[in-house]
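Residue numbering for the first sequence follows the numbering used here, beginning at 86 and increasing consecutively. Where is the CB? At the ideal position from N, CA and C, for every residue including glycine. All values reported here derive from a predicted model rather than from experimental measurement. Have a look at the structure below, then the notes.
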Amino acid sequence: MLTFRHTIASESVTVNVPEDAADLKLFWEWLYRARERGPIALDTETTGLNIYSAGYRLRTVQFGDAHEAWVLLYERGGWHAQYAREAIQRCREVLIHNAAFDWLVLDEHAGIRLEDLAPWTTDTRILAALIDPRQPSEGGVGTALKPLSAKWIDPAAPDTQGGLTKVFNSLGFTKETGWAGIPLTHPTFLLYAGLDVILTARLAPMLRRELERLGVRDQLVTYEHEIARMCAVMQRAGLLVDQEYAAALAGRLAEEAERHGAVAARYGVASVGSPGQVAEALLGMGERLTERTKGGALATDKAVLLPLADLDRDWQRIGARTANPLADAVLRGKRASKWGVTYAERFMTKLSTAGRLHAAISPLAARTGRMSVTDGLHQLPSSDHVIRRAILAEPGHVMVSTDFQAVEMRVLAALANVRRMKDGFVNGGSDFDIHMFTAKLIKGRNATPRHRKIFKGAGFGKVYGGGITTIARQTGAEESEIAQAVAAYDRAFPEIKRASSRWQRQAFQNRMVFISATGRRLPLDRDRSYSVVNYACQSAARDLLGQAMLNVESAGLLEFCRLPIHDELLASVPQRDADEIAREFQRCMSMDLYGVPITADAEIGGRSWGSLYGADY
DNA sequence: ATTCTCACG
DNA sequence: ACGTACGTGAGAATA
86 MLTFRHTIAS ESVTVNVPED AADLKLFWEW LYRARERGPI ALDTETTGLN
136 IYSAGYRLRT VQFGDAHEAW VLLYERGGWH AQYAREAIQR CREVLIHNAA
186 FDWLVLDEHA GIRLEDLAPW TTDTRILAAL IDPRQPSEGG VGTALKPLSA
236 KWIDPAAPDT QGGLTKVFNS LGFTKETGWA GIPLTHPTFL LYAGLDVILT
286 ARLAPMLRRE LERLGVRDQL VTYEHEIARM CAVMQRAGLL VDQEYAAALA
336 GRLAEEAERH GAVAARYGVA SVGSPGQVAE ALLGMGERLT ERTKGGALAT
386 DKAVLLPLAD LDRDWQRIGA RTANPLADAV LRGKRASKWG VTYAERFMTK
436 LSTAGRLHAA ISPLAARTGR MSVTDGLHQL PSSDHVIRRA ILAEPGHVMV
486 STDFQAVEMR VLAALANVRR MKDGFVNGGS DFDIHMFTAK LIKGRNATPR
536 HRKIFKGAGF GKVYGGGITT IARQTGAEES EIAQAVAAYD RAFPEIKRAS
586 SRWQRQAFQN RMVFISATGR RLPLDRDRSY SVVNYACQSA ARDLLGQAML
636 NVESAGLLEF CRLPIHDELL ASVPQRDADE IAREFQRCMS MDLYGVPITA
686 DAEIGGRSWG SLYGADY
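Right under this line is the structure:
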């Protein structure tokens, strides 16, 4: 047995590493005693983050309580792996920090189905996110184990991740290669592996107590664990990539980027990605640049360059001036390189051995509770189908996308109890258009599509908390016109302003934390408390999607789900049943929120995701 | 590490 | 007193 000692919160803790059969028997005896006393903390160390890559290995499995950890050398196989697997199956309640990762590792590499482990899991990261969802950059502690341990357990709690990176470097590895390369029995590696479970075991009761003190409902905690499990199921399924197509696309975009880069070079811009170079060259050509970035530099973003290239927001020629060839080359070169590198190439390099992309779905990423997804899958261009064309439904399947209809406006109407808006949604029928409804309410029967656009801008302005200037910039209308529209909007829907004041007041009385409709804690920034309207709407919409996912699972459709996208569920469904399944998705995503109907629309595509955006396959 | 830019809902 | 567009992930350049 290898044994390490450490001090946490001035208590001595022990990390045991069984080496032979006798040691493993001691572990087994500990496990049976420990699981009588309470939940067992569980963790894994692996060769990296890309669970589905070739050569991926599960290195250790750790078990622990507040005082003792056992690190099982899973990589050695045989009895070590056998004991680890059996032990996990014997645990009833387990504590994991960021459970989705370990669920998926154990599911893929230890034969333990995540469906079997998830129901017994408490994820300390979920608990932490429900106490304070802010990332460190927003003034929160974040949800990483180290800062949480420092806050709740011991300010001197070891930085096991950061500490290991240093060890990796001293051994000639990088942060990335160290996990696979470090010798299995390296003392620091084993010590830190053990300390992680001890910290998790200590964190759980502290966070539970805090949730209770804050009055966060158990129901919300349970709900979040269900959502996390369903997101993990989707991550495990992954998305099928059309490799031949993606490779050709990456090549084509790289060539395009190079072509435009060569044009830019003729005007003295060596790299189109350098805002400084672009600004200098444009000034040298006699262009006037007036917009500034947040940092005070001259802005050369798309909004600035499009007019210089005589292009509108859809990249169509305006005919108002001679197009500046540099601005045109920079725009096209940057787009080609972003699309090529961030999307097409990433699809190729992130592939699993089975040719699938397993983007990590983080169910509680944003401070509003919104989910986020890695590998750019939430940000694929929607203006063009070429990128999404690379993502395929399963063989014999078609893509089905079901999205909520104007969900944030409906949520606003429901939460702020906006009378005329609610009436519209209730009586409007299936093809109800809230923005045209508003335009008609204010402009009368001769409201035009242009009016619709203005009031759509005003509506989003309300949901986002925008001002006249920003709404004008976004819609492209005159400020005076927007000012009138916003004033008319406020008269038509006076409840919104009142709700905003009420919600801000409630937050002020609760130490700047607004409690959402589902009991979620939404901390506000003191100097922008107006954003409470957006937070309330965004987080309620997120919880509607969560409820929709639960409905989808109850209907037996979770296996078809591939990706949640804020107000949309993307699915791969058997072609022959597509109509029926699409109707089911619509039903699962339709519900009532305080008397406002939340409705959904399913679209059946072809084999590729791009088919829902105009591609013919 | 931070800034800027760009992709999405 | 007044007014503020919200939330993300990712890559390249820059410091």
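Integer Cβ distance of L449 from C622, believed to fall under 8 Å: Along the first sequence, one-based indexing puts residue 449 at 364. Along the first sequence, one-based indexing puts residue 622 at 537. Contact doesn't hold; Cβ gap of about 17 Å is too wide.
Euclidean distance between Cα positions of M433 and A335: What you label residue 433 is simply residue 348 of the first sequence in a count that begins at 1. What you label residue 335 is simply residue 250 of the first sequence in a count that begins at 1. If I take the Cα positions, the gap works out to 9 Å.
With 16 other Cβ atoms within 10 Å as the buried cut-off, status of L497: Taking the first residue of the first sequence as 1, we reach residue 497 at position 412. Result: buried.
DSSP state of N101 mapped onto helix, strand, coil: Counting from 1 along the first sequence, the entry for residue 101 is found at position 16. Strand at N101.
Per DSSP, cross-strand counterpart(s) of D686: Along the first sequence, one-based indexing puts residue 686 at 601. Bridge partners of D686: D488.
Residue environment, G149, which counts as buried when at least 16 other CB atoms sit within 10 Å: Your numbering for residue 149 matches position 64 in the first sequence. Buried, because 16 or more other Cβ atoms sit within 10 Å of the Cβ of G149.
The segment 201-218 in contact with the segment 162-180 per 3-pair CB rule at 8 Å: yes
Pair within 8 Å by beta-carbon distance, L275 and I476: Residue mapping note: residue 275 aligns to position 190 of the first sequence, counting from 1. Residue mapping note: residue 476 aligns to position 391 of the first sequence, counting from 1. For L275 and I476, no; Cβs fall outside 8 Å.
Simplified DSSP state of D652, which is helix, strand or coil: Your numbering for residue 652 matches position 567 in the first sequence. It is coil, neither helix nor strand.
Other residues of its chain near P682: CB distance less than 7 Å, five sequence neighbours each side excluded: Counted from its first residue, the first sequence places residue 682 at position 597. Only F510 and V511 meet the Cβ criterion.
When G247, L230 and Q246 are compared against V239, the one with the closest alpha-carbon: Residue mapping note: residue 239 aligns to position 154 of the first sequence, counting from 1. Reading off the sequence, residue 239 comes out as Asp, not Val. Checking every option, the nearest Cα to that of D239 belongs to L230.
Cα-Cα separation between V485 and Q632, rounded to whole angstroms: Taking the first residue of the first sequence as position 1, residue 485 is located at position 400. Taking the first residue of the first sequence as position 1, residue 632 is located at position 547. Going by the C-alpha atoms only, they are around 19 Å apart.
V326 to Y117 span [Cα, whole Å]: Here residue 326 corresponds to residue number 241 of the first sequence, with the count starting at 1. Here residue 117 corresponds to residue number 32 of the first sequence, with the count starting at 1. Distance between the alpha carbons of V326 and Y117 is about 45 Å.
Cβ contact check for the segment 188-197 and the segment 124-139: 3 or more pairs under 8 Å: yes
CB-CB length for G550 against Y615, believed under 8 Å: For the purposes of this step, residue 550 is identified with residue 465 of the first sequence, where counting begins at 1. For the purposes of this step, residue 615 is identified with residue 530 of the first sequence, where counting begins at 1. Sure, about 5 Å apart at Cβ, within 8 Å.
Secondary structure of L477, DSSP reduced to three states: Position 392 of the first sequence, counted from the first residue, corresponds to residue 477. Correct three-state label for L477: strand.
For I472, three-class secondary structure by DSSP: Residue 472 sits at position 387 when you count from the first residue of the first sequence. It is coil, neither helix nor strand.
Cβ-based neighbour list, E153, same chain, cut-off 6 Å, excluding 5 preceding and 5 following: The sequence position of residue 153 within the first sequence is 68, counting from 1. Cβ within range, chain order: T99.
Where the alpha helix (DSSP H) through H536 begins and ends: Taking the first residue of the first sequence as 1, we reach residue 536 at position 451. Looking at the DSSP string, the run of the alpha helix (DSSP H) that includes H536 is P534 to Y549.
Alpha-carbon spacing of S565 relative to D575, whole angstroms: Taking the first sequence and counting its residues from 1, the one referred to as residue 565 is at position 480. Taking the first sequence and counting its residues from 1, the one referred to as residue 575 is at position 490. Distance between the alpha carbons of S565 and D575: 16 Å.
Beta-bridge partners of P659, as assigned by DSSP: As a first step, residue 659 must be located in the first sequence, where it is residue number 574. Answer is H482.
Secondary structure of A126, DSSP reduced to three states: If you number the first sequence from 1, residue 126 lands on position 41. It is a strand residue.
Burial state of D217, where buried means 16 or more other Cβ atoms lie within 10 Å: For the purposes of this step, residue 217 is taken as the residue at position 132 of the first sequence. Buried, since its Cβ has 16 or more Cβ neighbours within 10 Å.
From P103, V318 and G461, residue whose alpha carbon lies closest to that of W164: As a working note, residue 164 is residue 79 in the first sequence. The shortest C-alpha separation from W164 is found at P103.
contact_flag[the segment 625-640, the segment 454-461] where n(CB pairs < 8 Å) is 3 or more: yes
Q401 in three-state terms, based on DSSP: As a working note, residue 401 is residue 316 in the first sequence. Here Q401 sits in coil by DSSP.
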